[in-house]
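K.L.:
In the numbering used here, the protein residues as written are -13 to 72.
(1) Between the beta-carbon of residue 46 and the beta-carbon of residue 35, is there less than 8 Å?
(2) Mapping DSSP to helix, strand and coil, what is residue 56?
(3) Could you give the C-beta distance for residue -5 and residue 50, rounded to a whole number, given that I count them as a contact under 8 Å?
(4) Going by DSSP, what residues sit across from residue 0 in a beta bridge?
(5) Does the distance from the C-beta atom of residue 16 to that of residue -1 stay below 8 Å?
(6) On the three-state DSSP scale, how would you describe residue 31?
(7) Could you tell me the boundaries of the alpha helix (DSSP H) in which residue 14 lies?
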């Protein structure tokens, strides 16, 4: 597929319903993708971060550039859910 050779992607992470827990999870997810990119030797640039009131991200955007970046991240889409277990 020709699209697999695209050398850059924009990654957006947004906290959903769930208040502080959702924003903390969004921050953790964003940092995970950022570290994954760095481990693969890709360049990253934080484009925007909108902080929540309590140490989390309401939304964050990351630019990732490098070889096979789209090929390796093209299926990373959708909704993720965290549920607290008492």
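Heads up, the beta-carbon is just placed ideally off N, CA and C, and yes, glycines get one too.
P.N.:
In brief:
(1) yes
(2) helix
(3) 5 Å
(4) 45
(5) yes
(6) strand
(7) 5 to 25
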